[in-house]
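Trainee: Number 15 in full-length UniProt numbering belongs to position 15 of the sequence shown; there are no gaps in the numbering. Below: one structure in structure tokens.
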Amino acid sequence: MIMSNDIQKRHHLTIRGNGEQHILFIHGFASSQEAWSWITPAFEADYTLILLDLVGSGKSDKTAYQSERYQSLMGYVDDLIELCDTLQFKDLIVIGHSVGGLLGLLLANQRPDLVRQVQVIGASPRYLNDLPEYFGGFERENVDQILEMMELNYAGWASYLAPVALPISEGQAQTDYVQASFLSSDPKTTYEFLKITLLVDYRDLLKEVQTDTVILQCSEDSFVPIEVAEYMAQEIKNSQLHVLSAKGHYPHVSHPEETIAAIKHYLK
Numbered sequence: 001m002i003m004s005n006d007i008q009k010r011h012h013l014t015i016r017g018n019g020e021q022h023i024l025f026i027h028g029f030a031s032s033q034e035a036w037s038w039i040t041p042a043f044e045a046d047y048t049l050i051l052l053d054l055v056g057s058g059k060s061d062k063t064a065y066q067s068e069r070y071q072s073l074m075g076y077v078d079d080l081i082e083l084c085d086t087l088q089f090k091d092l093i094v095i096g097h098s099v100g101g102l103l104g105l106l107l108a109n110q111r112p113d114l115v116r117q118v119q120v121i122g123a124s125p126r127y128l129n130d131l132p133e134y135f136g137g138f139e140r141e142n143v144d145q146i147l148e149m150m151e152l153n154y155a156g157w158a159s160y161l162a163p164v165a166l167p168i169s170e171g172q173a174q175t176d177y178v179q180a181s182f183l184s185s186d187p188k189t190t191y192e193f194l195k196i197t198l199l200v201d202y203r204d205l206l207k208e209v210q211t212d213t214v215i216l217q218c219s220e221d222s223f224v225p226i227e228v229a230e231y232m233a234q235e236i237k238n239s240q241l242h243v244l245s246a247k248g249h250y251p252h253v254s255h256p257e258e259t260i261a262a263i264k265h266y267l268k
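Structure, rendered in structure tokens:
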């Protein structure tokens, strides 16, 4: 078993706050724990916060990244289980953004003893359309074009995709932050992470989730349409859907006060 100091280095682990209840924050694709900095101060007085960088992201130990292990999202879930078992975390509230929300649901499904509630922000079990039954927002050719652009011109891909993920209308500085986050990520690792994210299909997982689940969804999200959030709310038995007025894919960055209020409303 990996010792706690190695776990800390692997995930650039940060633990702070004063509460008995622990909240685990899981960031999304091409991001890091820094993305939570707009909202975490609101929880430090009442909760203990666990912040990490997924392997290959942020300031994680890049030498720990192995393509074979992370060809599936379960590689990241195994990391989370190992972290919780090593540091004896249980009964967590998990707040996950985008694919981080999906990781939270997978964690809760694999080890329900570790998770008491999952709150997902802009999460999706399937990005590709499967019409007429399911609208995920992307056709396969869209995904192929995004991945090809990423391979040919990573900087151009970042500058193109950032305002799609977080429109400039929601704040130029916030859009610039998302672009900088994309640009600071390792191109090869980011490509592999994006590819498995956009091609996943975890729709069957949703009916298996027994953990209390909150689905936070922006009113307009170019990555995850509202139909996906409604589908998840229908499939997850013990779930609630909350639609934010924020637009884009990063409400915790662009609209922290609204996001904080929504999270606190459902905390258990």
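Quick reminder that beta carbons are idealized off the backbone N, C-alpha and C, glycines included.
#1: Starting from the Cα of M232, find the closest Cα among R126, L152, V200, H252 and give me that residue.
#2: With a 10 Å radius around its C-beta and 16 neighbouring C-beta atoms as the bar for buried, classify I215 as buried or exposed.
#3: According to DSSP, L51 sits in a beta bridge with which residue or residues?
#4: Just how far apart, CA to CA, sit K62 and T189?
#5: What is the DSSP secondary structure of I263, counted as helix, strand or coil?
#6: Which word fits E148, buried or exposed, when buried means at least 16 other C-beta atoms lie within 10 angstroms of its C-beta?
#7: What number of angstroms, rounded off, separates the C-alpha of V253 from the C-alpha of R203?
#8: Relative to the alpha-carbon of residue 269, which residue among T213, L80, I7 has its alpha-carbon at the smallest distance?
#9: So is E68 buried or exposed if we call it buried at 16+ other beta carbons inside 10 Å?
#10: Do you know whose CA, among R140, G248, L103, D6, lies nearest T175's CA?
#11: Once you ignore the five residues that flank I39 on each side, which residues in its own chain have a CB closer than 7 Å to its CB?
#12: Would the region 155 to 162 count as touching the region 181 to 188 if we require 3 or more Cβ pairs under 8 Å?
#13: Using the Cβ count rule (16 or more neighbours within 10 Å means buried), how would you classify M1?
Mentor: Inspection of the coordinates gives the following:
#1: Residue mapping note: residue 232 aligns to position 232 of the sequence shown, counting from 1. Selected option, being the one with the closest Cα: R126.
#2: Against the sequence shown, residue 215 aligns to sequence position 215. Classification of I215: buried, given that the 10 Å Cβ count is 16 or more.
#3: Working through the sequence shown from its first residue, we reach residue 51 at position 51. Beta bridge pairing from DSSP links L51 with T14, F25.
#4: One-based indexing of the sequence shown puts residue 62 at position 62. One-based indexing of the sequence shown puts residue 189 at position 189. For K62 and T189, the distance between alpha carbons rounds to 9 Å.
#5: As a working mapping, residue 263 is identified with position 263 in the sequence shown. The DSSP-derived three-state label of I263 is helix.
#6: The residue given as residue 148 occupies position 148 in the sequence shown. With fewer than 16 Cβ atoms within 10 Å of its Cβ, E148 is classed as exposed.
#7: Here residue 253 refers to the residue found at position 253 of the sequence shown. Here residue 203 refers to the residue found at position 203 of the sequence shown. The C-alpha of R203 is placed about 27 Å away from the C-alpha of V253.
#8: No answer is possible for residue 269: the residues shown for the chain start at 1 and end at 268.
#9: By one-based count along the sequence shown, residue 68 stands at place 68. With fewer than 16 other Cβ atoms within 10 Å, it is exposed.
#10: As a first step, residue 175 must be located in the sequence shown, where it is residue number 175. Just measuring C-alpha positions, the residue of R140, G248, L103, D6 sitting nearest T175 is G248.
#11: For the purposes of this step, residue 39 is taken as the residue at position 39 of the sequence shown. Once the five neighbours on either side are set aside, the close Cβ partners of I39 are H252, P256, T259, I260.
#12: Under the Cβ criterion (8 Å, minimum of three pairs), the region 155 to 162 counts as touching the region 181 to 188.
#13: If you number the sequence shown from 1, residue 1 lands on position 1. In this prediction, M1 has a pLDDT of 37, which is less than 50 and means its spatial position is unreliable; what the coordinates show is noted afterwards. Here M1 is exposed: its Cβ has fewer than 16 other Cβ atoms, across all protein chains shown, within 10 Å.
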